[in-house]
Amino acid sequence: MGNHRLGILADTHNNATNLSAALDIFRANEIDQLIHCGDVTSPLMLEHLSGFEVWLVRGNNDYDWSGFRSEARRLGNIHYCGKDAGLEFARHRVAVCHGDDESLVSVLVQSGLYEWVFRGHSHRHEVEITGHTRLLNPGALGGRHPHGEERSVAVVDLDEARSHFITLDGVKHPGPRV
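Take the sequence shown: its position 164, counted from the start at 1, is 164 in our numbering, and no numbers get skipped.
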């Protein structure tokens with residue numbers, strides 16, 4: 001099997017325009033599996049994700065839990081995982097959470113069980129490496145800009161243990177390689 005690549009996004013905050021731009025980036029990079037780290041905000045936004053297989057965790061602004069569950073079930077391409085998830089892609093173990101619970105983030109990273117831990121919440125794109133675990137935040141597609149960051153998503157190549165960020169204007173920023 002070739003490189004297994006995932007699209008990582010977070011903090012949409014009902015911004016359909018930026019979500020559409022992000023999905024165009026993923027299509028251009030031939031990525032059809034996405035992980036959304038929460039704060040979609042409205043279950044109606046999930047409709048935009050057709051054509052992708054998506055794993056979604058709940059963010060602190062995703063209040064309509066039952067709405068997300070039922071919309072994911074109705075659409076059929078979205079796995080609604082609740083607060084956090086441990087997933088496996090081609091023998092690569094990853095964890096996903098929103099990131100508003102720093103103790104949960106720490107437990108996932110420090111456990112050593114995962115190659116990658118994906119999170120959102122801070123609206124800042126970043127990668128930190130602890131041991132053999134990479135903690136990645138793709139940045140935000142909507143909501144506040146606490147530090148003036150550009151809107152961004154991430155592409156992660158699990159087989160190559162590489163990531164890069166792509167701003168919505170198409171500029172790539174490489175992440176560290178281990």
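All residues carry an ideal CB built from backbone N, CA and C; glycine is no exception. This structure is a prediction, so every number in the text was calculated from the model and none was measured.
- Item | Burial state of Trp116, where buried means 16 or more other Cβ atoms lie within 10 Å | So Trp116 ends up on the buried side.
- From Arg9 to Tyr114, what does the alpha carbon distance come to, in whole angstroms? One point to set straight first is that residue 9 is Leu, not Arg, in the sequence displayed. Rounded to whole angstroms, Leu9 to Tyr114 spans 19 angstroms at the Cα level.
- First and last residue of the beta strand (DSSP E) that includes Ala85? Secondary structure note for Ala85: its beta strand (DSSP E) is the uninterrupted segment 84–89.
- Query: With Gly7 and Val127 assumed to form a contact (beta carbons below 8 angstroms), what rounded beta-carbon distance in angstroms separates them?
  - Reply: About 15 angstroms separates the beta carbon of Gly7 from that of Val127, a gap too long to meet the 8 angstroms contact definition.
- Give the straight-line distance between the Cα atoms of Ser163 and Asp157, rounded to the nearest whole angstrom. Approximately 6 angstroms, taken between the alpha carbons.
- Gly139 versus Phe68: straight-line alpha-carbon distance, rounded: Between the alpha carbons of Gly139 and Phe68 lies a distance of about 22 angstroms.
- Item | Run of the beta strand (DSSP E) containing Leu44, from where it starts to where it stops | Per DSSP, Leu44 lies in no beta strand (DSSP E) and is assigned neither H nor E.
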